[in-house]
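Here's the structure we're looking at; comments come further down.
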Amino acid sequence: MANSNFRAGAVALALGACAPAVWAEKPPLSYDISADRVAIFDLASNEQVYYAVGERGVLLTSTGPVPDAWQSQRLPATDSVMGIAFGENGRGVVVGHGSMILYTTDHGTTWTPVDVSEHGRGDPFMDVAYLGSGRFLAVGAFGLVMESVDGGETWQPASISEDYFDRHLYSIARAGDDWLLIGESGSLFVSADGGEQWEKLASPYEGSFFGGLQTPDGAWLLYGMRGQIWRTEDGGATWKKAKVDLATAINAHETGPEGQVFLFGNGGQVLVSEDDGRHFSPASRSGLPGDITAATRINGKWLVAGTAGVRLWNGQGE
Numbered sequence: 024m025a026n027s028n029f030r031a032g033a034v035a036l037a038l039g040a041c042a043p044a045v046w047a048e049k050p051p052l053s054y055d056i057s058a059d060r061v062a063i064f065d066l067a068s069n070e071q072v073y074y075a076v077g078e079r080g081v082l083l084t085s086t087g088p089v090p091d092a093w094q095s096q097r098l099p100a101t102d103s104v105m106g107i108a109f110g111e112n113g114r115g116v117v118v119g120h121g122s123m124i125l126y127t128t129d130h131g132t133t134w135t136p137v138d139v140s141e142h143g144r145g146d147p148f149m150d151v152a153y154l155g156s157g158r159f160l161a162v163g164a165f166g167l168v169m170e171s172v173d174g175g176e177t178w179q180p181a182s183i184s185e186d187y188f189d190r191h192l193y194s195i196a197r198a199g200d201d202w203l204l205i206g207e208s209g210s211l212f213v214s215a216d217g218g219e220q221w222e223k224l225a226s227p228y229e230g231s232f233f234g235g236l237q238t239p240d241g242a243w244l245l246y247g248m249r250g251q252i253w254r255t256e257d258g259g260a261t262w263k264k265a266k267v268d269l270a271t272a273i274n275a276h277e278t279g280p281e282g283q284v285f286l287f288g289n290g291g292q293v294l295v296s297e298d299d300g301r302h303f304s305p306a307s308r309s310g311l312p313g314d315i316t317a318a319t320r321i322n323g324k325w326l327v328a329g330t331a332g333v334r335l336w337n338g339q340g341e
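The following block contains the structure:
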């Protein structure tokens, strides 16, 4: 997948089956799943517990200030898990292929499936976010958007556009007090009221975006297919393309200790900007294998996830 993108590829694979998630009460694993031998698609933390979710319903957890040892847990589902988010009081949600939704009320010790088959045909969810006040939002293929107002226990379809919308949505991004929905064909929506109402924005790029962020100086940054990185300082009214010499898909982001913007992509690629996202250059050789899907900074190191698993990275190499 060095010249493709894991998000678009994951949607294509999921739609090939196009069936609701299969729930299964699985016994405890009789063996540990190695953290560097399973594809991981998202990361989260909650009260010094770190979570990594990925293929075939795998959940890895690590406890302590630095996640250097991982325990395996098999969720009661057989499909790939694409997103995880935690709210308050130990409540969390995971989403994935087959319109999979599971919620926890005990910090991830146990997970309960939610049947949303009456609302669709098993299209994959690609991301989930906690919006506050007990509200979760999940997005996915063909304009799939669902929300929960009771901490993840029940879900209803959510409307983001008065017009017909059937593009894949890949990411939910926090941008200061605003929220962004980001997807294929330049799909871009913004909410200034915590996800109650959404406004469609004109996109600077007709291809797929895979994520976004608010920079340290308050600009919005979108990134995605073929190294596309676009920046706006006026809430999406005007955009400028960041200067970067890269044609690889970009999947994830994080800010550095001195206000840098780091972007992570396929083939272990890491880009860094020292000027708030206007220009990017390759970081020193990362030494990271596979395609990077998520990253977060912890105590001077990076927790990096992707198709080669999850690992700590010191920012220079292995």
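Numbers in the numbering used here are just positions in the sequence shown, counted from 1, shifted up by 23.
Every residue gets a Cβ at the ideal spot worked out from N, C-alpha and C, and that includes glycine.
Q.
Once the 5 residues before and after residue 319 are set aside, which same chain residues still bring their CB inside 8 Å of it?
A. 66, 68, 277, 325, 326
**Q.** Straight-line Cα distance separating residue 264 from residue 134
**A.** 42 Å
Q | Beta bridge counterpart(s) of residue 292 as assigned by DSSP | A | According to DSSP, residue 292 bridges with nothing at all.
Q: Take residue 60 and list the residues in its own chain whose beta-carbon comes closer than 7 Å to its own, dropping the five residues that flank it on each side.
A: 332
**Q.** Straight-line gap, residue 287 to residue 181 (C-alpha atoms, nearest Å)
**A.** 30 Å
Q) Helix, strand or coil: which one does DSSP assign to residue 119? A) strand
Q | Which listed residue (171, 285, 227, 229) has its alpha carbon closest to that of residue 152 | A | 171
Q) In three-state terms, what does DSSP make of residue 209? A) helix
Q) Could you give the distance in angstroms between the alpha-carbon of residue 302 and the alpha-carbon of residue 253? A) 10 Å
Q | For residue 107 and residue 328, believed in contact at Cβ under 8 Å, the rounded distance | A | That belief does not hold up - the Cβ atoms of residue 328 and residue 107 are roughly 11 Å apart, past 8 Å.
Q: Can you tell me which of the three DSSP states residue 79 falls into?
A: helix
(Q) Tell me the DSSP secondary structure of residue 156 in three-state form. (A) coil
Q: Check the C-beta distance from residue 73 over to residue 99 and give it rounded, since I have them as a contact under 8 Å.
A: Not quite, the Cβ-Cβ distance comes to about 21 Å (not below 8 Å), so this is no contact.
Q. What distance in whole Å lies between the Cβ atoms of residue 166 and residue 192, which are believed to be in contact at a cut-off of 8 Å?
A. 7 Å
Q | Closest residue to residue 78 among 297, 202, 121, 169 (Cα-Cα distance) | A | 121
**Q.** Element boundaries [beta strand (DSSP E), containing residue 194]
**A.** 192 to 198
Q) What is the DSSP secondary structure of residue 249, reduced to helix, strand or coil? A) helix
Q: Please confirm whether residue 290 and residue 313 have their CB atoms less than 9 Å apart.
A: yes
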